[in-house]
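Following: one structure in structure tokens, then a few remarks.
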Amino acid sequence: MKRVRFLPTLLLMWVGVLAVLLASLCLGRYPIAPKTVLQVLLSRLAPILRTWDPTVETVVWQVRLPRALAAALVGAALASGGAVFQGLFHNPLVSPYVLGVSSGAGFGAAVAILLGAGAAVTQASAFATGALAVSLAWLIARSGRDRSHVTLVLAGFVVGSLFSSLVAGAQYVADPSTKLPQIVFWLMGSLASAQWSDLLRAVVVIVPCLLAITVLRWKLNILSMGDDEARSLGENPTAMRVVLIGLTTMTTAVSVALSGVIGWVGLVVPHLARGIVGPDSRKLIPASIALGAIYVMIIDDVARSLTMAEIPLGILTGIVGAPVFALLLRRSRSDWD
Amino acid sequence: MEQTRPSVVDIQNLGFAYGEAMILHDLTMAVGPHEVFGIVGPNAAGKTTLLRCVERVLTPRTGTIRIDGRDLKTLSARDVSRRVASVPQSHTPAFPYTVQDIVLMGRNPHLGAASQPGPHDVAVAQEAMDELGIRAIAARPYTQLSGGQLQLVLLARALTQEAQVLLLDEPTAHLDFRNRHLVLSTIRDLAVRRGLAVIMTVHDPNDAMQYADRVGLVSEGGLIALGTPQEVLTADNLGRLYGMPIEVLTDGARHVIVAGIGS
């Protein structure tokens, strides 16, 4: 695998994040010139003569900016979560949903929608049941005799299946003309209704957790050696795993609460990042955060501009993710050989 | 080894059990600096368990293990790993880290939870790679190495822990003839040059005969003989240990252990 210099690469990725963010503010059914977008943004900081329509201001500031930032935040959370879990379970094929957080959150959201709750309550409910699902998986795995991480993944599968059934039950009893479409749309992932208030609630959890993951990221290298070797290297693998799974569960559950279930990001982006910067977590985590932000922003741009109607994000990430992942499997087998 | 030299590893009446099954019992031995101690015994005799008790991955049921006079039980996990480094018997790679990334992991005992290897740690790692002659492959993915190179990489990782005790579990298990002797003579050199106390388990008693200063014979969890290779690795002892006729052929100062005729 060819290695490139890391810091320039990471810098380039962050330039990419800003460029895609700017593009996201321009693109849409109501296209706005980049220059105007920049003027609108700058007018908040400096006195600039307003030559644009107030609608432009609303579209950029109230609709597209919170939505694009939410996409970036969700992408960063899911991609870094995937990189963390892949290191923790020393398996390149696990996603941040492997412990059942998405099905758990789906159930919480479905129940909230059934009860006619608003956005904030739906998000809180999704977060709570998402975290509950992971905790359940953890408790089940802890109660077994075999404390290996395989048990944990299997427990996550069991809990995920349970909550999937509960979600199906919620869909079955939902009013097919009003509630059911809402639930289905949520389960397929969307940022269509993302507002500043939603974004801020997510930021206060996700950003500190991402910082903590970034600070601890070298330990992922140690943990990926397996528990016995990690212990020989003076690490307490169980304690470090609890911390990292806790942080990742927070970011993933909040992301799912914000955007619904968006699959494949946590699987595809870390692989892409590994192909560029290599497997060392010191580089992989920052690269995954930047690439995840770029990826979901682009997906969301496509979702809202490709057709007249919004395309659910989960559908697009699946359609893009599966072939991309298949290609990655073919091209970079050396990633884990 | 004269008795006056202070021991680095001091094991007294060690006992270990998984549930009811006794794996080790009443095992007493000591290893000094600059010394390679070979542990010889049949499969499932408890050799690996002994090593894992010394690196405190397993907790003994009875007895004490002292490292440099300090009871292992009183040390934190990180303190243990600054004193005891180990090379695992088998290693399953998950990701194609570079050789240098792997060797750097040996610095973990010296780094806090939030810190990462700095220039000094890189220097220590490079020194270890230089010493083992693998600096040239520092940037290669360690998943593409030969068995012998991988063993040297894991050895370099153990060296960067800067521990005085080095444990090796069948270090030559997957190596060809040349690499086996390369790795074993490297281990000897390290013990002499760095003053390490090396404990290694070997499956071929010839490895202990040629490369160990002292040998312990382990059978069914107990030490049945302890001394220099020539004292311990006799046809009698080995015959009883493995339950088969064994001959020790001697050519001057060299001894070779072979299966006896008729076995």
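Line order of the protein sequences matches chains A and B. Take -5 as the starting number for the first sequence in the working numbering and just add one per residue. Take 182 as the starting number for the second sequence in the working numbering and just add one per residue. Glycine residues also receive a C-beta, built at the ideal position from the N, C-alpha and C atoms. Here the structure is a predicted model, which is why all the values come from computation and not from measurement.
Applying the criterion that 16 or more other CB atoms from any shown protein chain within 10 Å of the CB defines a buried residue, is histidine 84 (chain A) buried or exposed? Along the first sequence, read from residue 1 onward, the residue named residue 84 (chain A) stands at position 90. So histidine 84 (chain A) ends up on the buried side.
Name the two residues that bound the continuous alpha helix (DSSP H) containing alanine 65 (chain A). Here residue 65 (chain A) corresponds to residue number 71 of the first sequence, with the count starting at 1. Where alanine 65 (chain A) is concerned, the enclosing alpha helix (DSSP H) stretches over 59 to 82.
For serine 188 (chain B), would you say it is in contact with chain A, using Cβ-to-Cβ distances shorter than 7 Å as the test? Here the question's residue 188 (chain B) lines up with position 7 in the second sequence. It does not; no Cβ of chain A falls within 7 Å.
Among the residues of its own chain, which have a CB less than 6 Å from the CB of valine 261 (chain B), if the five just before and after it don't count? Against the second sequence, residue 261 (chain B) aligns to sequence position 80. For valine 261 (chain B), where only same-chain residues beyond five positions count, the Cβ hits under 6 Å are Arg237.
Same chain, Cβ closer than 6 Å to valine 54 (chain A), neighbours up to 5 away in sequence not counted: In the first sequence, the residue the question calls residue 54 (chain A) occupies position 60. Excluding residues within five positions, the ones whose Cβ falls inside 6 Å are Leu19, Val31 and Val34.
Taking DSSP as the reference, what is the three-state secondary structure of arginine 361 (chain B)? Here residue 361 (chain B) is taken as the residue at index 180 of the second sequence, counted from 1. Looking at arginine 361 (chain B) - three-state DSSP - the assignment turns out to be helix.
To the nearest angstrom, report how far apart valine 346 (chain B) and serine 155 (chain A) are at their CA atoms. Counting from 1 along the second sequence, the entry for residue 346 (chain B) is found at position 165. Counting from 1 along the first sequence, the entry for residue 155 (chain A) is found at position 161. CA-to-CA, the gap between valine 346 (chain B) and serine 155 (chain A) works out to about 48 Å.
In the DSSP assignment, what are the bridge partners of methionine 210 (chain B)? As a first step, residue 210 (chain B) must be located in the second sequence, where it is residue number 29. Paired residues: B:Ile192.
Indicate whether the contact test is met: 3 or more Cβ pairs, each with one atom in the segment 35 to 51 of chain A and one in the segment 219 to 235 of chain A, closer than 8 Å. no
What's the gap between the Cα of glutamate 308 (chain B) and the Cα of alanine 295 (chain B)? Sequence index remark: in the second sequence, residue 308 (chain B) carries index 127 (1-based). Sequence index remark: in the second sequence, residue 295 (chain B) carries index 114 (1-based). Straight-line Cα distance between these residues: approximately 25 Å.
Quick check on isoleucine 42 (chain A): does DSSP put it in helix, strand or coil? Here residue 42 (chain A) corresponds to residue number 48 of the first sequence, with the count starting at 1. Isoleucine 42 (chain A): coil per DSSP, three-state reduction.
Tell me the DSSP secondary structure of tyrosine 199 (chain B) in three-state form. Position 18 of the second sequence, counting from 1, holds the residue named residue 199 (chain B). Reduced to three states, the DSSP call for tyrosine 199 (chain B) is strand.
Nearest residue (CA-CA) to alanine 99 (chain A), options A:Arg324, A:Asp274, A:Val248 and A:Gly257: On the first sequence, position 105 is the one that residue 99 (chain A) refers to. Answer by Cα proximity: A:Val248.
Using a cut-off of 8 Å between C-beta atoms, extract the partners of arginine 334 (chain A) located in chain B. Absent from the structure is residue 334 (chain A), since the part of chain A shown begins at -5 and ends at 331.
Chain B contact for leucine 227 (chain A) (CB, 7 Å cutoff): Against the first sequence, residue 227 (chain A) aligns to sequence position 233. Yes, contact with chain B.
Taking the C-alpha atoms as reference points, what is the distance between alanine 186 (chain A) and serine 97 (chain A)? By 1-based counting over the first sequence, the position of residue 186 (chain A) is 192. By 1-based counting over the first sequence, the position of residue 97 (chain A) is 103. Each residue's alpha carbon lies about 21 Å from the other.
Could you name the residues of the same chain whose beta carbon sits closer than 6 Å to that of serine 142 (chain A), not counting the 5 residues immediately before and after it, in chain order? As a position in the first sequence, residue 142 (chain A) is number 148, starting the count at 1. No residues qualify anywhere along the chain.
Would you mind reading off the limits of the alpha helix (DSSP H) that contains aspartate 260 (chain B)? As a position in the second sequence, residue 260 (chain B) is number 79, starting the count at 1. Looking at the DSSP string, the run of the alpha helix (DSSP H) that includes aspartate 260 (chain B) is 258 to 264.
Valine 303 (chain B) CB to nearest chain A CB: under 7 Å? The residue labelled residue 303 (chain B) in the question sits at position 122 within the second sequence. By this cut-off, valine 303 (chain B) is not an interface position.
Cβ-based neighbour list, threonine 409 (chain B), same chain, cut-off 8 Å, excluding 5 preceding and 5 following: In the second sequence, residue 409 (chain B) corresponds to position 228, counting from 1. Taken in chain order, the residues that qualify are Asp394, Arg395 and Val396.
Going along chain A, which residues have a C-beta under 7 Å from serine 262 (chain B)? Position 81 of the second sequence holds residue 262 (chain B). Close to serine 262 (chain B), with beta-carbon spacing below 7 Å, are these residues of chain A in chain order: Ser226, Leu227 and Gly228.
List, in chain order, every chain C residue whose beta-carbon is nearer than 7 Å to that of glutamate 223 (chain A). Note that chain C does not occur in the displayed structure, where the protein chains are A and B.
Which residue marks the beginning of the alpha helix (DSSP H) containing glycine 18 (chain A), and which one marks its end? Position 24 of the first sequence, counted from the start, is the residue given in the question as residue 18 (chain A). It is serine, not glycine, that sits at residue 18 (chain A) in the sequence shown. Segment 0 to 20, the alpha helix (DSSP H) holding serine 18 (chain A).
According to DSSP, is leucine 185 (chain A) helix, strand or coil? Within the first sequence, residue 185 (chain A) is the residue found at index 191, counting from 1. Three-state DSSP puts leucine 185 (chain A) in coil, outside helix and strand.
Could you have a look at tryptophan 330 (chain A) and say whether DSSP puts it in helix, strand or coil? Counting from one through the first sequence, the residue named residue 330 (chain A) turns up at place 336. With a pLDDT of 47 at tryptophan 330 (chain A), under the threshold of 50, the predicted position of this residue should be treated as unreliable, though the coordinate-derived value follows. Here tryptophan 330 (chain A) sits in coil by DSSP.
Here's the rule: buried if 16 or more other CB atoms are within 10 angstroms of the residue's CB, otherwise exposed. What is serine 218 (chain A)? Counted from its first residue, the first sequence places residue 218 (chain A) at position 224. Burial call: buried.
Between the segment 83 to 94 of chain A and chain B, which residues of the former have a C-beta closer than 8 Å to a C-beta of the latter? From the segment 83 to 94 of chain A, only His84, Asn85 and Pro86 have a Cβ closer than 8 Å to chain B.
Measure the beta-carbon distance from serine 119 (chain A) to glycine 183 (chain A) and round it to whole angstroms, keeping in mind my assumption that it falls under 8 Å. Along the first sequence, read from residue 1 onward, the residue named residue 119 (chain A) stands at position 125. Along the first sequence, read from residue 1 onward, the residue named residue 183 (chain A) stands at position 189. Not really, about 17 Å apart at Cβ, beyond 8 Å.
If we define contact as Cβ-Cβ less than 7 Å, is aspartate 192 (chain A) a contact residue for chain B? On the first sequence, position 198 is the one that residue 192 (chain A) refers to. No, its Cβ sits nowhere closer than 7 Å to a Cβ of chain B.
Going along the segment 129 to 163 of chain A in order, which residues come within less than 7 Å of chain B, judged by CB to CB distance? none
Buried versus exposed, by CB contacts within 10 Å (16 or more), methionine 210 (chain B): Against the second sequence, residue 210 (chain B) aligns to sequence position 29. Around the beta carbon of methionine 210 (chain B), 16 or more other beta carbons sit within 10 angstroms, so the residue counts as buried.
Assuming glycine 76 (chain A) and leucine 261 (chain A) form a contact by the criterion Cβ under 8 Å, report the distance between their Cβ atoms to the nearest whole angstrom. Residue mapping note: residue 76 (chain A) aligns to position 82 of the first sequence, counting from 1. Residue mapping note: residue 261 (chain A) aligns to position 267 of the first sequence, counting from 1. About 6 Å separates the two Cβ atoms, so the contact holds.
Going by other Cβ atoms of all chains shown within 10 Å of its Cβ, with 16 needed for buried, is glutamate 412 (chain B) buried or exposed? In the second sequence, residue 412 (chain B) corresponds to position 231, counting from 1. That one is exposed.
Can you pull the chain A neighbours of glutamate 236 (chain B), defined as C-beta to C-beta under 7 Å? Against the second sequence, residue 236 (chain B) aligns to sequence position 55. The contacting residues are Ser226.
Measuring alpha carbon to alpha carbon, tell me which of A:Ala233, A:Ala127 and A:Gly112 ends up nearest lysine 173 (chain A). For this step, residue 173 (chain A) is matched to residue 179 along the first sequence. Comparing Cα-Cα distances from lysine 173 (chain A) to each of A:Ala233, A:Ala127 and A:Gly112, the minimum goes to A:Gly112.
To the nearest angstrom, how far is it from the Cα of alanine 303 (chain A) to the Cα of proline 277 (chain B)? Residue 303 (chain A) sits at position 309 when you count from the first residue of the first sequence. Residue 277 (chain B) sits at position 96 when you count from the first residue of the second sequence. Cα to Cα, the separation comes out at about 43 Å.
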